[in-house]
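Asks: Sharing a structure below in structure tokens format, with a few things to ask.
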Amino acid sequence: MEHLGTFLGFVRPGRTDRSGHLDDRFHGGTCNPSLFRRREKGGSEEPLDHALGRSRGGLTTKIHMVCDANGVPLRFILSAGHASDIAHARPLLDQVRIPGKPGRPRKRSRWLLADKGYDAEHLRQYCDRYRMQPVIPLRAMPRKPRPGLPRLFDRPKYRQRNIIERMFGWLKENRRIGTRYDKLARSFAAMVTLTCSLRCMRQYFSYKT
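According to full-length UniProt numbering, the stretch in the sequence shown is residues 1 to 209, in order.
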């Protein structure tokens, strides 16, 4: 099946704080690439803040993820819980590889569906550069008038964004994803990768013999 759409979203798993309370709020964010350092003995990079940030619910981590039209995760990035939503959108999309027909995997899709947190002109220009149609609602905020006709918003297409919401709901059914118990970001990322692998296996491999 050809993958036509890409869905950009984020989730914030809960984390136990010092008082033992849990935070299970949803939302998204980013982290500064300069906060990463490499282990002395080699290995994967670990952010200095361990992808933890203090938000309204305490210490939280955000998972930025891109999935295809079938709800299969394509790429994800961890970030601190207090950072902005839009900063990691372009780096995340640059790392996407969409499986499909034999040969080199595609890097771009026809549509990009995201919520109001990703309403930014530079992201829309990014989509125009790679011939992707952004389906992103506008935030209620004052805007400078621009020449020409305003962009059209495909509301029926935007309803398909619940695909990534359902995918995040499925991920959070796993206890190690719904609540972060790992100190290191790379340990938590390994659990997210394992869960995403199970999702891919369920999509592409049948249990029937």
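For every residue, glycine included, the Cβ atom is placed at its ideal position computed from N, Cα and C.
Just checking my contact of R131 with R108 at CB under 8 Å: how many whole Å lie between their CB atoms?
Replies: 7 Å
Asks: In this structure, does DSSP put D119 in helix, strand or coil?
Replies: coil
Asks: Over the uninterrupted alpha helix (DSSP H) stretch that includes M201, give me the two end residues.
Replies: Element bounds for M201: 185-204.
Asks: Check whether the segment 118-126 and the segment 161-177 are in contact - that is, three or more C-beta pairs closer than 8 Å.
Replies: no
Asks: Assuming L112 and G81 form a contact by the criterion Cβ under 8 Å, report the distance between their Cβ atoms to the nearest whole angstrom.
Replies: Rounded, the Cβ-Cβ distance is 24 Å, inconsistent with contact.
Asks: Hey, could you find the ends of the beta strand (DSSP E) R75 is sitting in?
Replies: 73-80
Asks: How is the beta strand (DSSP E) around D68 delimited, first residue to last?
Replies: 58-68
Asks: Look up E173 in the DSSP assignment and say whether it is helix, strand or coil.
Replies: coil
Asks: Taking C-beta to C-beta, are M191 and R202 nearer than 9 Å?
Replies: no
Asks: Give the secondary structure of Q95 by DSSP, where H, G and I count as helix, E and B as strand, and everything else as coil.
Replies: coil
Asks: Within its chain, find whatever has a CB closer than 7 Å to the CB of D154; leave out the 5 residues flanking it on each side and keep chain order.
Replies: V135
Asks: Under 9 Å, do Q160 and A69 count as touching if we go by C-beta distance?
Replies: yes
Asks: From L59 to A189, what distance separates their C-alpha atoms?
Replies: 17 Å
Asks: Along the chain, where does the beta strand (DSSP E) containing P134 start, and where does it finish?
Replies: 133-135
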